[in-house]
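One structure is given below, encoded as structure tokens.
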Amino acid sequence: MNKILASILLSAISTLPAHATIDKTADVKTTPKNIIMIVGDGMGPAYTTAYRYFNDNKATPAIEATVFDSILVGRASTYPARVSGFVTDSAASGTALATGHKSYNGAIGVDVNKKPVQSVLEYAKSIGKSTGLVVTSQINHATPASYAAHALKRSMYDSIADQYFDTKINGNHVVDVMLGGGWKYFIRDDRDITKEFVKDGYQYIDKYQALSSINNDQVLGLFADKGLPWALDDSQPNRLKSMTIAAIDRLDNNEKGFFMLVEASQVDWAGHSNDIAAAMAEMHDLHQTLIWLQKYVARHPDTLVVMTADHSTGGFTIGANGDYAWHPEFIQNLTASPSQIAKELQGQTFDAAPISKQLGFKLNKDEVALLSTAHADTEKALYIALKKVLDKRTNTGWTTGGHTAVDVPVFAFGMNKDMFVGQIDNTDIAKNIFKLLGKAQTK
């Protein structure tokens, strides 16, 4: 983004009108002090269903419900602005969820006319609430960026990182607590934004261990070059839960409350990779986060939690090839992700025994032959072969490496959860949150 365009965007942000599009809900008498918006990126309906079976206790005859089952309230359409057809990307959908405006694929916090539109996070900041971003991608990726920045293209990562520091609302930085990945974009040859934040009073951390010793209500935590490692490979498997707990601990200190975005970013990345093992591990991290949040809301009933997906990814099918079966037991005991297993085997003599140990089941003769041939080729070929083994074992199907246009589930619990019940559009989520924040509604 050139300096003139950046100047225009920043100027527009500071003068955004204090109104949103019309909301069809009735006037609310009481509103939550705290609002937590959760996005399961790419988490279409098949993912939450599959997690129920993945998480099932096979020692009991019943299939146990998950937290997703207990908080489901409806579903949402995800289509972008008509100029982009029916299948959205994360930027357009993130913009819809954050601002209540449909936009074109690739848009970050701008409408179809490429004009900045205010997000619920920005409005929350303008009325004195604390704000947070907690994600497993880089913190300037499409979804978090849609809540805290404005760019014509989602790929403008450096510009988005710059805006996190340069943009001010009432003299303060837009986001108080930022936790996720992204060293690459914040520590650059031309600018070290981490040092600028520290100079402005923020605490900077770059190791998970420091989450428990944060002593500042303004925090920037970056734990990877780009996105965090897969949950299967990370030193902190439940890193989304750990970051969420640490963020709320700081945001909770504001008597006016807070707005926070939490994103399980890598459900989407697993879907793009057609990697069922990685997908279920990411879903487990999100599941554990939600269980903790339910306990938090029980102690803080003036809190609302809303969760949805921005779209579904991969055309994931629970059962494939005409076989009426799905076998999650073959992905329940992995000690590393398929991509990590493939990486570790590069430069080594092929040996099926340690691979079987990492996968958690003994490979058969056909699988050994497939993996041996792939190992002689490239790391990527071996990764693909490992995924094929797991897909065949579990009977998992995929139709695409991209997104689909299916409606996605909507979940809510806490104060005013009924505002999100039924069939809604993704823009309705932002419109209702604006209303709960007290923003005047206009036609």
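Counting in the numbering used here, the sequence shown runs from 4 upward without gaps.
Glycine included, every Cβ here is placed at the ideal spot set by N, Cα and C.
From a predicted model like this one, the values you see are computed outputs, not experimental measurements.
Per-residue burial, residue 131 [other beta carbons within 10 Å of its own, 16 or more giving buried]
By the 16-neighbour rule on beta-carbons within 10 angstroms, residue 131 is exposed.
Compare the C-alpha of residue 293 against each of 74, 227 and 52 and name the closest.
Per the C-alpha coordinates, the member of 74, 227 and 52 positioned closest to residue 293 is 74.
Using three-state DSSP, classify residue 395 as helix, strand or coil.
Here residue 395 sits in helix by DSSP.
Is the beta carbon of residue 157 closer than 8 Å to that of residue 164?
In this structure, residue 164 keeps its C-beta atom at 8 Å or more from the C-beta atom of residue 157.
Assigned exposure category for residue 96 - 16 Cβ within 10 Å defines buried:
A buried status is given to residue 96, since no fewer than 16 other beta-carbon atoms sit within 10 Å of its beta-carbon.
Does the Cβ of residue 244 have 16 or more other Cβ atoms within 10 Å, making it buried, or fewer, making it exposed?
Classification of residue 244: buried, given that the 10 Å Cβ count is 16 or more.
Taking residue 56 as the reference, give the member of 435, 45, 43 and 70 with the closest Cα.
The residue from 435, 45, 43 and 70 with its alpha-carbon nearest to that of residue 56 is 70.
Residue 247 to residue 372 span [Cα, whole Å]:
Separation of residue 247 and residue 372 (C-alpha to C-alpha, rounded to the nearest whole angstrom) is 43 Å.
Consult DSSP for residue 316 and reduce its assignment to one of helix, strand or coil.
Three-state result, residue 316: strand.
Residues near residue 199 by beta carbon distance below 6 Å, same chain, minus five either side:
Excluding residues within five positions, the ones whose Cβ falls inside 6 Å are 168.
What is the rounded straight-line gap between the Cα of residue 263 and the Cα of residue 52?
The alpha-carbon atoms of residue 263 and residue 52 are separated by roughly 26 Å.
Quick check: the segment 41 to 49 against the segment 59 to 68, are at least 3 beta-carbon pairs closer than 8 Å?
Remark: fewer than three beta-carbon pairs, one from each stretch, lie closer than 8 Å, so the segment 59 to 68 and the segment 41 to 49 are not flagged as touching.
Quick one: any contact between the segment 351 to 367 and the segment 432 to 445, if contact means 3 or more CB pairs under 8 Å?
Per the Cβ contact rule, the segment 351 to 367 is not in contact with the segment 432 to 445 (fewer than 3 Cβ pairs under 8 Å).
Please tell me whether residue 426 and residue 184 are closer than 8 Å, where the distance is taken between their beta carbons.
No, the pair does not count as a contact, with Cβ atoms beyond the cut-off.
Which of the three DSSP states, helix, strand or coil, is assigned to residue 45?
In the three-state reduction of the DSSP assignment, residue 45 falls in the coil class.
Which runs of the alpha helix (DSSP H), 4 residues or longer, sit entirely within the segment 362 to 421?
With a minimum length of 4 residues, the continuous alpha helix (DSSP H) runs that stay inside the segment 362 to 421 are 368 to 378 and 382 to 397.
Rounding to the nearest angstrom, what Cα-Cα distance links residue 317 and residue 277 in this structure?
Taking C-alpha positions only, residue 317 is separated from residue 277 by approximately 6 Å.
So residue 145 and residue 111 are in contact, right, with Cβ under 8 Å, and what is the actual spacing, rounded?
At roughly 7 Å, the Cβ-Cβ gap stays under 8 Å, so residue 145 and residue 111 are in contact.
Kindly list the residues whose CB is nearer than 8 Å to the CB of residue 220, restricted to its own chain and excluding five residues on each side of it in sequence; keep chain order.
Within the same chain, 133, 179, 180, 253, 254, 256 and 257 come within 8 Å of residue 220 by CB-CB distance, once the 5 residues on both sides are set aside.
With three or more C-beta pairs closer than 8 Å as the rule, is the segment 267 to 281 touching the segment 390 to 409?
Yes, they touch.
Skipping 5 residues on each side, what residues in its chain have a beta carbon closer than 8 Å to that of residue 341?
Closer than 8 Å at the Cβ level, and outside the excluded window around residue 341, lie 278, 280, 281, 386, 389, 390 and 393.
Once DSSP output is grouped into helix, strand and coil, what is the label at residue 212?
The DSSP-derived three-state label of residue 212 is helix.
Per DSSP, what are the beta-bridge partners of residue 267 in this structure?
The partner list for residue 267 (beta bridge, DSSP) reads 43.
Got a sec? Which residues, its chain only, sit under 6 Å from residue 408 by beta carbon, not counting five neighbours each side?
The residues are 89 and 90.
Within a Cβ cutoff of 7 Å, which residues of the same chain sit near residue 171, ignoring the five residues on either side of it in sequence?
Excluding residues within five positions, none has a Cβ falling inside 7 Å.
Hey, quick one: how far does the beta strand (DSSP E) through residue 309 stretch, first residue to last?
Unbroken beta strand (DSSP E) run through residue 309: 306 to 311.
Around the Cβ of residue 325, are there at least 16 other Cβ atoms within 10 angstroms (buried) or fewer (exposed)?
Exposed.
Excluding the 5 residues flanking residue 423 on each side, which residues of the same chain have their C-beta closer than 7 Å to its C-beta?
These residues qualify, in order along the chain: 76, 77, 309, 413, 415, 432 and 435.
List, from N- to C-terminal side, the alpha helix (DSSP H) runs of 4 residues or more that fit wholly inside the segment 61 to 142.
DSSP runs (the alpha helix (DSSP H)) wholly in the segment 61 to 142: 70 to 74, 93 to 102 and 123 to 129.
Nearest by alpha-carbon distance to residue 261: which of 128, 154 and 191 is it?
Checked all of 128, 154 and 191; the closest Cα to residue 261 is 128.
Once the 5 residues before and after residue 370 are set aside, which same chain residues still bring their CB inside 7 Å of it?
The answer, listed in chain order, is 392.
Roughly how many angstroms separate the alpha carbons of residue 210 and residue 226, rounded to a whole number?
Approximately 6 Å, taken between the alpha carbons.
Distance, Cα to Cα, residue 54 vs residue 64?
Separation of residue 54 and residue 64 (C-alpha to C-alpha, rounded to the nearest whole angstrom) is 17 Å.
Please classify residue 368 as buried or exposed, where buried requires at least 16 neighbouring CB atoms within 10 angstroms.
Residue 368 is exposed by the Cβ-count criterion.
Rounded straight-line distance, which links the Cα of residue 366 to that of residue 189
Cα to Cα, the separation comes out at about 43 Å.
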